[in-house]
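Have a look at the structure below, then the notes.
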Amino acid sequence: MIWLAAALLLAAGTYAVCWWGAGIILHPPAMSPMWIFPEQFGLRYEKIAFKTRDGLELRGWFIPSTTGDARTLLMCHGWGDNKGELLKQTYFLNENGGFNLLYFDFRSHGESEGRITTIGGLETIDFDAAVDWLRANRPEFSRSVGVFGVSMGAAVTIASLPKHPDLRCAVVESPFSNYRTVIKRWAWNHFKLPYYPLVALTLHILRSRVKDPEIDSFNPVEAAPKASPRPLFVIGGANDRLMTPEDVTKVFSAAREPKQLWIVPDAWHAKCREASGMEYDTRVIGFFTRNLPP
68 MIWLAAALLL AAGTYAVCWW GAGIILHPPA MSPMWIFPEQ FGLRYEKIAF KTRDGLELRG
128 WFIPSTTGDA RTLLMCHGWG DNKGELLKQT YFLNENGGFN LLYFDFRSHG ESEGRITTIG
188 GLETIDFDAA VDWLRANRPE FSRSVGVFGV SMGAAVTIAS LPKHPDLRCA VVESPFSNYR
248 TVIKRWAWNH FKLPYYPLVA LTLHILRSRV KDPEIDSFNP VEAAPKASPR PLFVIGGAND
308 RLMTPEDVTK VFSAAREPKQ LWIVPDAWHA KCREASGMEY DTRVIGFFTR NLPP
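The working numbering numbers the first residue of the sequence shown as 68 and each following residue consecutively.
Pasting the structure below:
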């Protein structure tokens, strides 16, 4: 009976660890606070809010072009970040590029409603709602729209492009190719947890807690070819241990032309602009300028 008790204790402990792991996915442990706002950069903006089809209110900012340009970029942040963190890295697209910028917080991030984040599965619903808001409320700025996404936002962008053929092009930095792979790598990088049985059980628990048996089948690399013929600019960091250069290259390889790839030397995860400086601004502004009709 001692062995049975020990086995039951081990099983209970394993389940508890995996429940905790699923909770980390749903509730990022290092959630960024809202402390960055457009006025800190001298930017005019409008606070906006819109509902998703599953009833959540998302909040964002619309930053108009300083030159009267009608071209607009939809801005998608990463897991655990928010629109302010992304603004800090990308307001050059308005200041120097002249584009209208639409920032929003994904569910359970920043100022938006929501109890959980799923690193892409449910966040595609949020992406759809942002596109719908732009079409309904700024039709004059919805005819020439590109997308900028980083990390989770990059994966959501790639997965969402096939549903929105009117979106003209996208820049995606540090996208992951496969949901299960990135969870596996994150668990190993942080805790040295093996996929079997711990990560596999964690994903099983995640499906149960989200009440969606397909939530971990989110697979941007399968969506990448369907973005064609929209131009895609894929950016990765050479030192990224989460979305590795090999993983980023898988997304690029799966996509069809027109496409371009830039692996930034010495760049860590979602830090490609920090590593490359003005070259980053020049390349990204140039890509959108070439591929978004005025």
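The C-beta atom is built at its ideal place from N, Cα and C for all residues, glycine as well. Just so it is clear, the structure is predicted and the values come from calculations on it, not from any experiment.
Annotation: the continuous alpha helix (DSSP H) that includes Glu313 extends over Pro312 to Ala321.
DSSP, reduced to helix, strand and coil, places Gly216 within a strand of the structure shown. Secondary structure of Ile92 (DSSP, three-state): helix. Distance from Ala197 to Lys118 at the Cβ level is roughly 11 angstroms; contact not present, criterion being Cβ atoms closer than 8 angstroms. A Cβ-Cβ distance of about 6 angstroms is found for the pair Trp86 and Ile272, placing them in contact under the 8 angstroms criterion. Per DSSP, reduced to three states, the secondary structure at Asn204 is helical. Nearest Cα to Glu190 within the set Ala89, Asp333, Val277 and Asn358: Val277. Judged by their CB atoms, Leu125 and Met142 are not nearer to each other than the 8 angstroms cut-off. Note that the stretch 255-265 does not touch the stretch 315-327; fewer than 3 beta-carbon pairs, one per stretch, sit closer than 8 angstroms. For Asn256, the number of other beta carbons within 10 angstroms of its own is below 16, and it is reported as exposed. In the displayed model, Asn161 falls within a helix according to three-state DSSP. Per DSSP, the continuous beta strand (DSSP E) segment holding Glu124 begins and ends at Glu124 to Ile130. Excluding sequence positions up to five before and after Leu201, its CB lies within less than 8 angstroms of the CB of Thr139, Leu141, Leu169, Phe208, Ser209 and Val212, all in the same chain and listed in chain order. Thr356: member of the alpha helix (DSSP H) spanning Met345 to Asn358, first to last residue. For Trp253, the three-state secondary structure derived from DSSP is helix.
If you compare the alpha carbons of Ala337, Ser275, Asp348 and Ser241 with that of Lys317, the shortest gap goes to Ser241. Taking 8 angstroms as the cut-off, the beta carbon of Gly187 is found closer than this to the beta carbon of Ala222. Residue range Cys236 to Glu240 is occupied by the beta strand (DSSP E) that includes Glu240.
Counting the other CB atoms within 10 Å of its CB gives Gln107 a total below 16, which places it among the exposed residues. Secondary structure at Ile302: strand, using DSSP grouped into helix, strand and coil. By the criterion of a C-beta distance shorter than 7 angstroms, Pro287 is surrounded in its chain by Ala222, Ile225, Ala226, Pro242, Phe243, Ser244 and Val318, once the five residues flanking it on both sides are discounted. Of the residues Asp193, Leu309 and Lys155, the one whose Cα lies closest to the Cα of Ser99 is Lys155.
Within the DSSP bridge table, the entry for Cys143 names Gly216 as partners.
Residue burial annotation: Asp314 is buried, with at least 16 other C-beta atoms found within 10 angstroms of its C-beta.
Within the same chain, Cβ atoms closer than 6 angstroms to the Cβ of Val331 are found at Gly304, Cys339, Ala342 and Ser343, the five residues on either side in sequence being excluded.
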